[in-house]
Every structure is written in structure tokens, then in C-alpha cells.
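Numbering (this note's numbering), first residue to last: 179 to 483. Backbone N, C-alpha and C fix where the C-beta goes; we use that ideal spot for every residue, glycine too. The structure presented is a predicted model; accordingly, all values stated were derived computationally and were not measured. Reviewing the structure listed below.
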């Protein structure tokens, strides 16, 4: 394997609600780069970090940021302006994927099934006659932060109280609840991975379940009829290509219990790279080690025009 001799900067941390996950992802990336022999420095994207990027003379930024600023097109636009190559998707792809409403509209217009939804002003939610079950999501966020599954009126009453402290913008997404199985599929090196089924130990694959070892069971490959399995892989590639994504992505699905129909929930242009994250596990299932995965991400970024 030919090792890139230039300077790499790992961007991590920042101010988003996903700061802790970013730091964990970056820690693993740092260990992988040390193992390979890459030269790197890390920058916590807080005070004066743009000047630090400029002064670093980096030839490549490994974007280990998560959430707002890191995966919504903002840091990508800055790096484009500085003419510095970076990993993962570009400005428009990142912006669209991070905004669940915009990305869902693209899926709908391209005949990719996704749960029906509506956007509601946070302060008007209590006055609407919404019948459970439904799902509440921030328009922009990842790591299942700010997601509530409302199965009954008691859940709804509790949600109205909790919305008083809502920190994820003035609008909330109300999405149809799809009862069924949780599936996910990634893109690595331009090709779909195997399909994984996720079975949380509790009822929902939330933040704690995602990032706490042993809180969910993962099955690769998911036990599905071949035509359905292949269809999910094809839909994953469609989502990736429709948004013109680069590098690794992961698309989450819900397989409706009644119809056995897969629904696209969202695409993630910045899947986690922690020890419990799904993309490294999907990579491992096809014989790609964590270190090799990081190499592939870097090589793809360096080859991109």
C-alpha cells in the first residue's frame, strides 16, 4: 500500500450536539493513521480553527466532524474556498442530506418510498390534532438526537412538555410511524455493502443504544428474500447517487411489517467511525479492516477532482 506523504488534518469536535461522537470517531481515525504511518495533526473546530487550518498547510482534511457545521455543507464550503481536499461528500450533497425535508422531497420525486411527513412550527405543535402513532424528528440532526416515537396519547402529552426545552430549531418534522424492522446499508468505495438488520434491546435505536456496546444486536446479512435484499442495496446506491454523494454514506430503512415494503428514512453522509458504529461493522463483514476503511476514505478524497 502506497502511503500518502502529504500533511493530513483531522477536523473534530466543534460545537454541535454530536461533539462527543465526533471526538470518539476522530480518536479511532487517529489510531488508524498512526498504524498506517500517515503524518497528521488534529484540530478541534472551536476557537480560531479556520486560521489553524490555513496555517497547517494541510493537503487533505479528514472530516471527523458530526452534526451542524461539520456535515451540513458549511465546513465543506470553507475547505472548497481554501482549495483543500477533504473526505466525505461536498457542499450541496451534505446540505441536502442533512436537511431531512429536502432529501425526502428528492426521494419522493424519484419514486423512492419514504414515510409521509409534515413540517410544523414548534410552538404550534400543541394546538394540532395529531393522532398517534407518529415520529418527531429535528429537521437537521443525526445520531438519533431529538427523535421521539409517539405511540399513544400519553406519549403525546409528555412530548408537548418536553418540547418546551427543544433545542433543535423552530421547526419539527412529524413523520408517519412505520411499524417494522430496522435495516441499514452503506456505500463503501462506490458500492453497496451488505444489508444489516438492527434489533435494539429497547424499543428504539436511540443515541444511547447506538453508542453503548451491547445495547443492540446486529445481523449481517439481514435475513430477507433475495429480491428484497437486492432492492434495498439498489435503493441505497440510488440515494447516494441522487444526492451526488462522495466517500462513505449509510442509508437507513424501515421494512413495514404489514406490506414487507422498505421505506427510506434518511441518508447519512457522515456515518460514525466509533467502535460501535455501523459502517466499520459493515466494512468488516466484507473483509475490510478499520484501518483499510480509513485508507479507502482517504484515497477516494485524494482522487476526487
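query                                                                                                                        : result
DSSP three-state assignment for residue 412, whether helix, strand or coil                                                   : helix
C-alpha gap between residue 415 and residue 212, whole angstroms                                                             : 32 Å
Option in 395, 372, 250, 432 with minimal Cα separation from residue 411                                                     : 372
Assigned exposure category for residue 224 - 16 Cβ within 10 Å defines buried                                                : exposed
Distance between residue 440 and residue 284 (C-alpha atoms, nearest Å)                                                      : 17 Å
Residue 428 at chain B interface by Cβ criterion, 8 Å                                                                        : The chain labelled as chain B is not found in the depicted structure, where only one protein chain is given.
Short Cβ contact (8 Å threshold) for residue 123 with residue 258                                                            : Only positions 179 to 483 of the chain appear in the structure, and residue 123 is not among them; the question remains open.
Bounding residues of the alpha helix (DSSP H) (the contiguous stretch that carries residue 346)                              : Residue 346 -> no alpha helix (DSSP H), and no H or E assigned at all.
Residue of 467, 475, 450, 482 minimising C-alpha distance to residue 197                                                     : 450
Neighbourhood of residue 277 by C-beta distance below 8 Å, restricted to the same chain and skipping five residues each side : 250, 317, 318
Exposed unless 16 or more other CB atoms sit within 10 angstroms - verdict on residue 254                                    : buried
Boundaries (first-last residue) of the alpha helix (DSSP H) holding residue 372                                              : Run containing residue 372: none in the alpha helix (DSSP H); it sits in the beta strand (DSSP E), 369 to 378.
Bridge-paired residues (DSSP) for residue 427                                                                                : 365
Supposed close pair residue 237, residue 220 - CB separation, criterion 8 Å                                                  : At roughly 16 Å, the Cβ-Cβ gap does not stay under 8 Å, so residue 237 and residue 220 are not in contact.
N- and C-terminal bounds of the beta strand (DSSP E) containing residue 186                                                  : 186 to 190
Straight-line gap, residue 350 to residue 301 (C-alpha atoms, nearest Å)                                                     : 10 Å
Status (buried if at least 16 other CB within 10 Å, exposed otherwise) for residue 193                                       : exposed
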